[in-house]
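Student: The structure under discussion is supplied below as structure tokens; questions concerning it will follow.
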Amino acid sequence: PGSILDRFATGNLETLKVPGLMDELRAFYKGNYSSNLMNLVMVGRHSLDDLQKLAEENFSKVEDRDLPFRDFSDQEVYDREHSFGRVVKIVPQRLIKDLQLNWILPTTERFDREKTSSLLSSVLGHEGPNSLLSCLKKENLALSLVSGVGSRLNGGMNKFYVTVSLTDKGEREFE
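With the numbering used here applied, the sequence shown has no gaps in its numbers, which climb one by one up to 405 at the end.
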């Protein structure tokens, strides 16, 4: 509650049938979406001229509302009382047995050359002998494991994640 990350994420026609939600979504869009706050990167096998044409056709209508850049670096992203040590069980639209662990890491920008986030991801995501995944597989708890930096948040903080695809036993014994 109250987190700067407590925003719209995903939904479907059933879960988004909430009175007033469209008005709230439009207000959020108008207050947060402006071309002056966005970047666009396009990669393709097309020529630069074709890529430019595609970009203009698809993104030129994004309005420049001249919104100010907001610096959230001094705000608490997650508060300990409401955000840490929580288990959230979600009923998916299709069968998924994933355990996702998320951490907010302090800024690592001054260590970007050392690639600290990549190192952490490599250690946790390694699949060789004596790795976290090999130990989980040996106990028949996991099928796969992925880790990495999900996104760099305002102020340079990183959202780091580990996602484990669980076996039936892993789902029962995830704690």
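All residues carry an ideal CB built from backbone N, CA and C; glycine is no exception.
Could you name the residues that DSSP lists as bridge partners for A372?
Tutor: According to DSSP, which records beta bridges pairwise, A372 is partnered with L396.
Student: Quick check: what's the CA-CA separation for T393 versus K291?
Tutor: If I take the Cα positions, the gap works out to 36 Å.
Student: Within its chain, find whatever has a CB closer than 8 Å to the CB of L246; leave out the 5 residues flanking it on each side and keep chain order.
Tutor: Result list for L246: empty, nothing under 8 Å.
Student: With a 10 Å radius around its C-beta and 16 neighbouring C-beta atoms as the bar for buried, classify P249 as buried or exposed.
Tutor: That one is exposed.
Student: Which of helix, strand or coil does DSSP assign to G241?
Tutor: Residue state, collapsed to three classes: coil.
Student: Cutting at 6 Å between CB atoms, please list the residues of its own chain near D328, excluding the five before and the five after it.
Tutor: Once the five neighbours on either side are set aside, the close Cβ partners of D328 are T393, S395.
Student: My guess is that S347 and F390 are in contact by the Cβ rule of under 8 Å, so how many angstroms apart are they, rounded?
Tutor: Sure, about 7 Å apart at Cβ, within 8 Å.
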